[in-house]
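Below is one structure; the comments refer to it alone.
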Amino acid sequence: MENSLRNDAYLIKNIILQNPSGNYGDLFKKTQKRFTIIGLDGEVLFDSMEEKSIDSMENHHNRPEILSALKNNEGISTRKSETTKKEMIYFALKLNPSQIIRVSVISNNALRHVKLSTYIHIILFSLLNLFALISYRFYLKRYLFERIDQIKKMLEDGNEIKEVVSKDDRWLFKFWEVIKEWQDNNLKNIEKLKLEKVKLNNIISSVDMGIILVDSEKKIKLKNDAINFIYIKEDIKNYKKDIKYPEIIKFIDRLISKKENNISEVYLEDIQKYILLRGKYMKSREEYLFTIKDITRDRETLEIQKNFITNVGHELKTPLTNITGYLVALREEEDSHKRDKFINTIERNALKLDNILMDFLNLSKIESSKVVNLAPIHVNLLIDEINRSLENQIELKKVDLSYKLDLQSDYIRIDFEKTTMILKNLIENAIIYNVNTPRIKITMEEKFDKYKISVKDNGIGMNKSDTYKIFDRFYRVDKARTSNVAGTGLGLSIVYELVHLCGGDIDVKSNKKGTLFTFTMIK
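Heads up, the sequence shown is in this note's numbering, so the first residue is 20 and it goes up one at a time.
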């Protein structure tokens, strides 16, 4: 307000100075401003609002604004006017050395002006703030949405989060750091889960039994490849539709309906397999875990063990019975010739019993020890050992035993003990199962990574059907043809086990006369 009055005073001063006629009434007759021109003695010379009654106005010499103007060229004061009887604001300014201009305004008007000016400023600034706020919010919203969309895309893609927020946005940057830390941890956890899943899949795939996980809706949640033979197709979803064996479906149905752990053994006739089914109800997850194990081999092994025990008893009982019977007869017989015959029979049965026990021990040794001791051996050492161990039988039967060698060196890398036992058993069989003068030919060939050895004889041979069972324990060919043969029935079983232990295979060919055994051994 002070500036407004000052401006008015200087404006009036300039007008007067530019029009020095002194006729203030004509000069300011249209003005709406209240101002007064006062002499240095305080006498009112002109009043823009009270021109006709200036004679009745009091002397203004002692007014504060006049005194201040006389002293400082300018003066201002606020007080009640004696003329208008209203609160006024006065501003005085020296017009010239003999006159002073005083401008006044009613205090209420001034207040209203101030208030109006204040309201205008408030409204203006409010509108500006509102506009700025709306603009900022719109910008911030768009900015935030862009950043959130970027974050969302990164989270959905599972990619490592990059810097998309400036450090200048403090609170947003803080939020960004939390998200980034969470995503980093999340990615680490996802990677751990992937590794655990791979481990789990590897474990499930490596077990020797089938695994199926079924949920409450009878959908297959997990499976491995160990039992693909039970499925109609590889991509299975529902066990009722995709498993082709009703025995397995019934087992699963029964467990789901009763919600109890169960175990059962079933036989699948079309593939001739025995399988063991186990089912476990997991109450917390409302899921059912099933394992399916092929126990056909276990069944066969058990059957073989039963037959083995039966055969062992039978094979041991026969010589023991003969020995016992001939011992009784020996006590009662006085004829020396017959006694000698009885003694020979007892010795022969005792030898057979000893051979059976030795074969048992050899089988047990093979099954308990799976170590193969490969070492360079001179081939003549192997031949000499075979000839020495079978010397008596070779001389007794006048065996024609020959060797054909096709080797790169005189030294062969073999397990000496096991190879000797294999050849000894095959040659011994060729001698035993022969009614003529045995002719046996041993052929040894050296291949890239193995040896190929064959034993060929001119013995009684066997039917083709026998060649599939010849390596079974205690199996013998047609007993009518071998009734006088003193074999134990375990020799070829020992050969089979030793050949496979040495990393090779064995094959037999025979057409009722003569037999050819061919086997390989790794170097």
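Ideal Cβ positions, reconstructed from N, Cα and C, are used throughout, including at glycine. These numbers were taken from a predicted model, which means no experiment stands behind them.
- Query: Enumerated in chain order, which unbroken segments of the beta strand (DSSP E) with a length of 3 residues or greater are wholly contained in the region 453-486?
  - Reply: 458-465, 469-476
- Query: In its own chain, which residues sit with a C-beta less than 6 Å from the C-beta of residue 314, not counting the 5 before and 5 after it?
  - Reply: Position 295 of the sequence shown, counted from the first residue, corresponds to residue 314. Contacts found: 293, 295.
- Ignoring anything shorter than 4 residues or poking outside the region 231-261, list the alpha helix (DSSP H) runs there in chain order. 258-261
- Item | DSSP state of residue 93 mapped onto helix, strand, coil | Residue numbering aside, residue 93 sits at position 74 when the sequence shown is read from its first letter. Note: residue 93 maps to strand in three-state DSSP.
- Task: On the DSSP bridge assignment, give the partners of residue 106 in chain order.
- Result: The residue given as residue 106 occupies position 87 in the sequence shown. DSSP, once it has assigned bridges, lists 99 as partnering residue 106.
- Item | Limits of the unbroken alpha helix (DSSP H) element including residue 518 | Along the sequence shown, read from residue 1 onward, the residue named residue 518 stands at position 499. That run of the alpha helix (DSSP H) goes 510-520.
- So residue 300 and residue 266 are in contact, right, with Cβ under 8 Å, and what is the actual spacing, rounded? On the sequence shown, residue 300 is found 281 positions in, with the first residue counted as 1. On the sequence shown, residue 266 is found 247 positions in, with the first residue counted as 1. So it is not a contact: roughly 20 Å between Cβ atoms.
- Per-residue DSSP class, three states only, for residue 309: Stepping through the sequence shown from its first residue, residue 309 is reached at position 290. Correct three-state label for residue 309: strand.
- Can you give me the Cβ contacts of residue 240 inside the same chain, cut-off strictly under 8 Å, excluding the 5 residues immediately before and after it? Translated into the one-based positions of the sequence shown, residue 240 becomes position 221. Contacts found: 232, 233, 234, 306.
- Under 9 Å, do residue 534 and residue 452 count as touching if we go by C-beta distance? By 1-based counting over the sequence shown, the position of residue 534 is 515. By 1-based counting over the sequence shown, the position of residue 452 is 433. A contact, by the Cβ cut-off of 9 Å.
- Message: Taking only three categories from DSSP, how would you classify residue 398?
- Response: Here the question's residue 398 lines up with position 379 in the sequence shown. In the structure shown, residue 398 sits in a helix (DSSP, three-state: H, G or I).
- What do you reckon, are the CB atoms on residue 420 and residue 385 nearer than 9 Å? Taking the first residue of the sequence shown as position 1, residue 420 is located at position 401. Taking the first residue of the sequence shown as position 1, residue 385 is located at position 366. Not closer than 9 Å, so no.
- Query: So, do the region 471-490 and the region 522-536 have three or more beta carbon pairs nearer to each other than 8 Å?
  - Reply: yes
- Message: Please report the distance separating the alpha-carbon of residue 297 from that of residue 219.
- Response: Counted from its first residue, the sequence shown places residue 297 at position 278. Counted from its first residue, the sequence shown places residue 219 at position 200. Taking the straight line joining both Cα atoms gives about 20 Å.
- Segment limits, beta strand (DSSP E) that includes residue 281: Here residue 281 corresponds to residue number 262 of the sequence shown, with the count starting at 1. Residues 281-287.
- Item | Beta-carbon proximity list for residue 118, same chain, < 8 Å, skipping 5 on both sides | The sequence position of residue 118 within the sequence shown is 99, counting from 1. Answer for residue 118: 56, 57, 58, 59, 64, listed in chain order.
- Item | Cβ-based neighbour list, residue 404, same chain, cut-off 6 Å, excluding 5 preceding and 5 following | Position 385 of the sequence shown, counting from 1, holds the residue named residue 404. 439.
- Task: Could you please give the first and the last residue of the uninterrupted alpha helix (DSSP H) stretch that includes residue 29?
- Result: Within the sequence shown, the letter at position 10 stands for residue 29. Element bounds for residue 29: 21-37.
- Query: DSSP state of residue 118, grouped into three classes?
  - Reply: One-based indexing of the sequence shown puts residue 118 at position 99. Strand, per DSSP.
- Using the Cα positions of residue 513 and residue 441, report the straight-line distance between them to the nearest angstrom. Your numbering for residue 513 matches position 494 in the sequence shown. Your numbering for residue 441 matches position 422 in the sequence shown. Computed Cα separation, rounded: 8 Å.
- Task: Report the residue from 485, 268, 432 whose alpha carbon sits nearest the alpha carbon of residue 395.
- Result: Here the question's residue 395 lines up with position 376 in the sequence shown. Of 485, 268, 432, the residue nearest in Cα terms is 432.
- Query: What three-state label does DSSP hand residue 76 in the structure shown?
  - Reply: Residue numbering aside, residue 76 sits at position 57 when the sequence shown is read from its first letter. DSSP places residue 76 in coil when its eight states are reduced to three.
- Item | Nearest-angstrom Cβ-Cβ length linking residue 257 and residue 242, presumed shorter than 8 Å | Residue mapping note: residue 257 aligns to position 238 of the sequence shown, counting from 1. Residue mapping note: residue 242 aligns to position 223 of the sequence shown, counting from 1. Contact doesn't hold; Cβ gap of about 12 Å is too wide.
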